[in-house]
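First comes the structure, then the notes that go with it.
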Amino acid sequence: MPKNTCPLFSKKRKLPAESALEVLTGISRIVQTVEADIYGDYREEAIQRIAIRDPDDWPIVATALALNCPIWTEDSDFFGSGIATWTTDRIHLFVTPTPDE
Numbered sequence: 018m019p020k021n022t023c024p025l026f027s028k029k030r031k032l033p034a035e036s037a038l039e040v041l042t043g044i045s046r047i048v049q050t051v052e053a054d055i056y057g058d059y060r061e062e063a064i065q066r067i068a069i070r071d072p073d074d075w076p077i078v079a080t081a082l083a084l085n086c087p088i089w090t091e092d093s094d095f096f097g098s099g100i101a102t103w104t105t106d107r108i109h110l111f112v113t114p115t116p117d118e
């Protein structure tokens, strides 16, 4: 995680810095950075898919294309891009056991 992420995360989520660092450390154990050489070949297609909404988001679309995976987001800019998206509430439903499990 970039060092400048913690203060921003802490302020936005109204968490003490220590708690924010703990959360970000936990996330960094399960999230991997995808380098540009993995998704770079998908740049043009990604820009075409996201250009009318937010062209700065093209690396995320390109990564989804390269890895053939959905995007977990609350950002509606990705909706309608032709890439499957999951919102946090849908992820929660997917990973929460049902009462009969």
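Residue numbers (this note's numbering): 18 to 118.
For every residue, glycine included, the Cβ atom is placed at its ideal position computed from N, Cα and C.
All values derive from a computational prediction rather than experimental measurement.
Residues bridged to residue 88 [DSSP beta-bridge criterion]: On the sequence shown, residue 88 is found 71 positions in, with the first residue counted as 1. Its beta-bridge partners are 102.
Buried/exposed call for residue 50, threshold 16 Cβ in 10 Å: Looking up residue 50 in the sequence shown gives position 33. Exposed, since its Cβ has fewer than 16 Cβ neighbours within 10 Å.
Integer Cβ distance of residue 75 from residue 67, believed to fall under 8 Å: Along the sequence shown, read from residue 1 onward, the residue named residue 75 stands at position 58. Along the sequence shown, read from residue 1 onward, the residue named residue 67 stands at position 50. The pair is a contact, with the Cβ atoms about 6 Å apart (cut-off 8 Å).
Simplified DSSP assignment, three categories, for residue 138: Given a span of 18 to 118 for the chain in the structure shown, any question on residue 138 remains unanswerable.
Beta-carbon proximity check, residue 102 vs residue 95, cutoff 8 Å: As a working mapping, residue 102 is identified with position 85 in the sequence shown. As a working mapping, residue 95 is identified with position 78 in the sequence shown. A contact, by the Cβ cut-off of 8 Å.
Start-to-end residues for the alpha helix (DSSP H) that takes in residue 40: The residue you call residue 40 lines up with position 23 of the sequence shown. Counting along the chain, the alpha helix (DSSP H) containing residue 40 begins and ends at 34 to 47.
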